[in-house]
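>
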Amino acid sequence: MRSLNDQYCELAELTGGFVHEIRNHLSTLKLNLQLLAEDFAEPQNQREKRASDRVARLQAECQRLTDVAEDFLRFVRIGQLQTMPTQLGEVVMEVVDFFQPVARRASIEIRSYVPSELPLVELDRELFKQVLLNLLINAEQAMPNGGEIVFLGHPGPRSVCLSLIDTGQGMPPEIMSKLFRPFFTTKANGNGLGLPTCRRIVESHGGKIEVQSEPGRGTKFSIWLPSLEPAPAPMPPAPPANPDA
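Using my numbering, the letters of the sequence shown correspond one by one to residues 360 to 604.
#1: Can you give me the Cβ contacts of Thr425 inside the same chain, cut-off strictly under 6 Å, excluding the 5 residues immediately before and after it?
#2: So, does the stretch 534-544 touch the stretch 473-482, judging by three or more C-beta pairs under 8 Å?
#3: Give me the Cα-Cα distance between Gly448 and Met502, rounded to the nearest whole angstrom.
#4: Only counting the same chain, and skipping five residues up and downstream in sequence, which positions put a Cβ closer than 8 Å to that of Leu363?
#5: Which residues bound the beta strand (DSSP E) around Leu523?
#6: Which residues does DSSP list as the beta-bridge partners of Gln571?
#7: Going by the CB atoms, is the gap between Phe580 and Ser522 shorter than 8 Å?
#8: Along the chain, where does the alpha helix (DSSP H) containing Glu588 start, and where does it finish?
#9: Could you tell me which residues DSSP puts in a beta bridge with Pro402?
#10: Just how far apart, CA to CA, sit Ser466 and Glu499?
#11: Return the CA-CA distance between Leu392 and Ile560, expressed in angstroms with no decimal places.
#12: Spatial neighbours of Phe399 within its chain, please: CB distance less than 7 Å, with the 5 preceding and 5 following residues excluded, ordered by chain position.
#13: Give me, in chain order, the residues of the same chain whose beta-carbon lies closer than 6 Å to that of Val451; leave out the 5 immediate sequence neighbours on both sides.
#14: For Gln422, which option in Gln405, Gly553, Pro585 and Thr387 has the closest C-alpha, if you only look at C-alpha atoms?
#15: Using 8 Å as the threshold, is the C-beta distance between Ile508 and Leu495 below it?
#16: Bridge partners for Arg470 per DSSP, in chain order?
#17: In chain order, what residues of the same chain have a beta carbon less than 7 Å from the beta carbon of Met535, not counting five sequence neighbours either side?
#18: So Pro460 is in the alpha helix (DSSP H); what residue range does that whole segment cover?
#19: With DSSP collapsed to three states, give me the class of Glu481.
#20: Looking only at C-alpha atoms, which of Gln489, Asp430, Asn504 and Glu397 sits nearest to Arg463?
#21: CA-CA distance, Leu554 and Asn404?
#22: For Val480 and Thr578, what's the separation of their Cα atoms in angstroms?
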């Protein structure tokens with residue numbers, strides 16, 4: 360009897376082939392729409408102007424379908440990881456440095472309190488950066504008037520926890536319960552694959568991701584990853600002072 364992993368790999372391969380076929384047809388459609396757009400580049404009357412507008416809308420929809428196909432392909436093909444022992448704080452700082460220009464434009468301050476002495480984790484750095492970047496983008500979109508994002512890190516029993524906390528709009532329970540469902544989204548231009556992909560990446564590392572939120576009080580995402588070494592032992596208490604000394 361085939362294992363669940365073998366069945367998943369077969370499903371991922373079939374899905375990948377299906378999405379690849381869709382992309383081929385979309386490429387043909389986009390090419391023909393581009394030719395039409397060139398024909399109506401300088402409309403001579405109102406009818407041609409309407410035709411030009413419709414072509415532009417169809418081009419936008421084709422691009423959206425292409426983006427969804429690409430995102431879905433990434434979602435189903437997360438499997439083999441290129442991992443290495445990693446200090447989590449280093450990855451956080453790389454992503455924060457990359458995201459800082461966006462944060463400044465949005466009047467968002469990012470603070471990181473991830474101790475450098477945290478136990479190492481086995482990490483695919485590039486994939487995990489996608490997780491953090493997606494969470495940062497979601498936090499930025501939840502704070503249209505600016506705010507603050509805080510990274511916290513602490514060790515647990517044979518694990519490391521990384522939390523991202525924002526001061527955004529927060530979410531009601533009925534939204535929060537659906538966040539990790541593929542294709543569920545509250546965004547006008549979203550495809551609902553960002554957070555499910557984040558969860559797939561975290562779980563492929565043997566970890567888990569949790570969310571806490573409340574309307575008007577912000578959101579907290581917590582990621583738990585297995586550690587490669589035990590948490591640092593607490594310092595023993597200092598001996599009591601000798602009153603006779």
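No residue lacks a Cβ here, since even glycine has one placed at the ideal position from N, Cα and C. Computed from a predicted structure; not experimentally measured.
Quick answer:
#1: Closer than 6 Å at the Cβ level, and outside the excluded window around Thr425, lie Leu385.
#2: Touching, no.
#3: Within the model, the alpha-carbon separation for Gly448 versus Met502 is close to 24 Å.
#4: For Leu363, the predicted structure reports a pLDDT of 47, less than 50, and the residue's modelled location is therefore unreliable. A value from the coordinates is still provided. So no residue of the chain qualifies.
#5: That run of the beta strand (DSSP E) goes Ser518 to Asp525.
#6: Lys579.
#7: Judged by beta-carbon spacing, Phe580 lies within the 8 Å limit of Ser522, meaning their Cβ atoms are closer than that value.
#8: Going by DSSP, Glu588 is part of no alpha helix (DSSP H) at all; its letter is neither H nor E.
#9: Under DSSP, no beta-bridge partner is assigned to Pro402.
#10: The C-alpha of Glu499 is placed about 9 Å away from the C-alpha of Ser466.
#11: Cα atoms of Leu392 and Ile560: separation of roughly 36 Å, rounded to the nearest angstrom.
#12: Only Glu407, Ala410, Ser411 and Val414 meet the Cβ criterion.
#13: Excluding the 5 residues flanking it on each side, Val451 has same chain C-beta neighbours closer than 6 Å at Ser471, Val473 and Phe510, in chain order.
#14: Ranking the options by Cα distance to Gln422, first place goes to Thr387.
#15: Cβ atoms of Ile508 and Leu495: closer than 8 Å.
#16: Its beta-bridge partners are Val509.
#17: The residues are Val570 and Ser572.
#18: Run containing Pro460: Leu447 to Arg464, per the alpha helix (DSSP H) assignment.
#19: Of the three classes helix, strand and coil, the one that applies to Glu481 here is strand, per DSSP.
#20: Among Gln489, Asp430, Asn504 and Glu397, the Cα nearest to that of Arg463 is on Asn504.
#21: Between the alpha carbons of Leu554 and Asn404 lies a distance of about 46 Å.
#22: Here the alpha carbons of Thr578 and Val480 stand approximately 25 Å from one another.
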